[in-house]
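Chains as they are written, first to last, in this note's numbering: chain W, 203 to 279; chain E, 203 to 279; chain F, 5 to 130; chain Y, 5 to 130.
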């Protein structure tokens, strides 16, 4: 799972490994991420998951090989 | 009295002469203008007088030597 | 805060804008002469400007918008005389700390310019 | 209608904009790095851009704003990497028939960019 910006700074790295069920949805992935890395709590609460470079609805199933990224507290411009 | 834009085109010239009382106000000048040049009616109705390059309140008295202009239907930009 | 007003002969030329020190937003509006008016092909617009009243009104309007929106600067360049189709007849440049006040100030400045400044355009048809 | 998205290394440079044929309004917004953030002196901002998602999001957002406001074109240039104080990190250029839709579309595009596009800035203090 890819991290950027303040989320990556909070945990000190730009990707985290996460073990989830085979048919886990994006919502379940976010919950697992918050549990596994408590420092990601505020980012999980305010952010969204992108799967393969597109924002994903919370019920989308994440499959093996998908590129999953936490998009939180963006600050472009 | 100076005219510009569509008002000048309507009467075919860029200034009109007007005889008014010595202590005439801007409102009285506008009324006299509409009476003297009926083609200026719509411009008098929608426009304002400028005296010496500033919009003048309707009760301002026009004095000899003042530069008086009808500012109507402006279209800058 | 700074205000600049220029009336220029013919089209407004290309220029580069330096941001005011400390500005976070620079917004530039160009008004361009369109090729069709009232369904007819246009060759140019001819601008008539009543001076010095137009410059005075523009300066007072700019100062008022700068003050009320808290802008860092506003510059306005307006054409006099003939401006061909596709050419710029009005350029307004606003510098401000953030974008919101620049956008709001730009809208108000141009609205009031079109209502209160003694400038008239006349179509020159093809 | 046309949409252009560019992510460039470092500051966005100076350029001249040609109006789209038939456009009556060209509006250019420059976002400039300010020298002070949270009361501290800044040397630069460092932009992190998640590609290709950022470009895809910007393109979809631009197309949506062009369609909903009836614009003639929207071009967006955003920096990646380091942009010094006083330099431009974002330029948005909108062409439209009239000013109102250009101003409204500009506000919406930048608001949504700051909410929905995966770009992050990091302050580099003096």
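Where a beta carbon is used, it is the ideal one built from N, C-alpha and C, also for glycine. Keep in mind the model is a prediction, meaning the values are calculated, not measured.
Problem set entry | Local conformation of residue 206/E per DSSP, three classes | Taking the second chain and counting its residues from 1, one reaches residue 206/E at position 4. DSSP places residue 206/E in coil when its eight states are reduced to three.
Problem set entry | Residues in the region 101 to 128 of chain Y having any Cβ partner in chain F nearer than 7 Å | 103, 107, 110, 111 and 114
Problem set entry | Start and end residues, beta strand (DSSP E) containing residue 93/Y | By 1-based counting over the fourth chain, the position of residue 93/Y is 89. Per DSSP, residue 93/Y belongs to the beta strand (DSSP E) from 92 to 100.
Problem set entry | Touching by the beta-carbon criterion (3+ pairs, under 8 Å), the region 11 to 28 of chain Y and the region 44 to 62 of chain Y | yes
Problem set entry | Inter-stretch contact at 8 Å, needing at least 3 Cβ pairs: the region 212 to 230 of chain E / the region 257 to 264 of chain W | no
For this session: Taking the CB atoms as reference points, tell me whether residue 78/F and residue 130/F lie closer together than 9 Å.
Result: Your numbering for residue 78/F matches position 74 in the third chain. Your numbering for residue 130/F matches position 126 in the third chain. For residue 78/F and residue 130/F, no; Cβs fall outside 9 Å.
For this session: Kindly give me the distance between the Cβ atoms of residue 30/F and residue 97/F, rounded to whole angstroms, as I take these residues to be in contact under 8 Å.
Result: On the third chain, position 26 is the one that residue 30/F refers to. On the third chain, position 93 is the one that residue 97/F refers to. Their Cβ separation, rounded to whole angstroms, is 7 Å, which keeps residue 30/F and residue 97/F in contact under 8 Å.
Exercise. Mind pulling the chain F residues with CB within less than 8 Å of residue 277/E?
Worked result: Within the second chain, residue 277/E is the residue found at index 75, counting from 1. Per Cβ cutoff of 8 Å: 118, 123, 124 and 125.
Exercise. Using the C-alpha atoms, what's the distance from residue 231/W back to residue 115/F?
Worked result: The residue given as residue 115/F occupies position 111 in the third chain. The residue given as residue 231/W occupies position 29 in the first chain. Looking at the two C-alpha atoms, the distance is approximately 51 Å.
Problem set entry | Opposing strand residues paired with residue 111/F [DSSP bridges] | Along the third chain, one-based indexing puts residue 111/F at 107. Partner(s): none; residue 111/F has no beta bridge.
Exercise. What is the DSSP secondary structure of residue 75/F, counted as helix, strand or coil?
Worked result: If you number the third chain from 1, residue 75/F lands on position 71. Coil at residue 75/F, not helix or strand.
Problem set entry | Contact check, residue 249/W vs residue 125/Y, beta carbons under 9 Å | Residue mapping note: residue 249/W aligns to position 47 of the first chain, counting from 1. Residue mapping note: residue 125/Y aligns to position 121 of the fourth chain, counting from 1. Going by C-beta atoms, residue 249/W is not nearer than 9 Å to residue 125/Y.
Exercise. How is the alpha helix (DSSP H) around residue 232/W delimited, first residue to last?
Worked result: The residue labelled residue 232/W in the question sits at position 30 within the first chain. It spans 228 to 238 - the alpha helix (DSSP H) in which residue 232/W sits, taken as one unbroken run.
Exercise. Taking just the CA atoms, how far does residue 252/W sit from residue 275/E?
Worked result: Counted from its first residue, the second chain places residue 275/E at position 73. Counted from its first residue, the first chain places residue 252/W at position 50. Approximately 54 Å between the Cα atoms of the pair.
Problem set entry | Closer than 9 Å to chain W by CB, residue 19/Y | Position 15 of the fourth chain, counted from the first residue, corresponds to residue 19/Y. Closer than 9 Å: no.
Exercise. Does the Cβ of residue 240/E have 16 or more other Cβ atoms within 10 Å, making it buried, or fewer, making it exposed?
Worked result: As a first step, residue 240/E must be located in the second chain, where it is residue number 38. Looking at its Cβ environment, which holds fewer than 16 other Cβ atoms inside 10 Å, residue 240/E is exposed.
Problem set entry | residue 6/Y: first and last residue of the uninterrupted beta strand (DSSP E) it sits in | Position 2 of the fourth chain, counted from the start, is the residue given in the question as residue 6/Y. Residue 6/Y -> beta strand (DSSP E) spans 6 to 13.
For this session: Work out the CA separation of residue 34/F and residue 244/W for me, nearest whole Å.
Result: Here residue 244/W corresponds to residue number 42 of the first chain, with the count starting at 1. Here residue 34/F corresponds to residue number 30 of the third chain, with the count starting at 1. So the two alpha carbons sit approximately 43 Å from each other.
Exercise. Helix, strand or coil: which one does DSSP assign to residue 86/Y?
Worked result: The sequence position of residue 86/Y within the fourth chain is 82, counting from 1. Strand, per DSSP.
Problem set entry | 7 Å Cβ shell around residue 87/F - same chain, five flanking residues per side excluded | Against the third chain, residue 87/F aligns to sequence position 83. Closer than 7 Å at Cβ, skipping near neighbours: 14, 15, 37, 48, 49, 51 and 93.
Exercise. Roughly how many angstroms lie between the CA atoms of residue 28/F and residue 95/Y, to the nearest whole one?
Worked result: The residue you call residue 28/F lines up with position 24 of the third chain. The residue you call residue 95/Y lines up with position 91 of the fourth chain. Whole-angstrom Cα-Cα distance: 12 Å.
Problem set entry | Closer than 7 Å at the beta carbon, the chain Y residues around residue 273/W | Start at 1 with the first residue of the first chain, and residue 273/W comes out as number 71. The contacting residues are 122.
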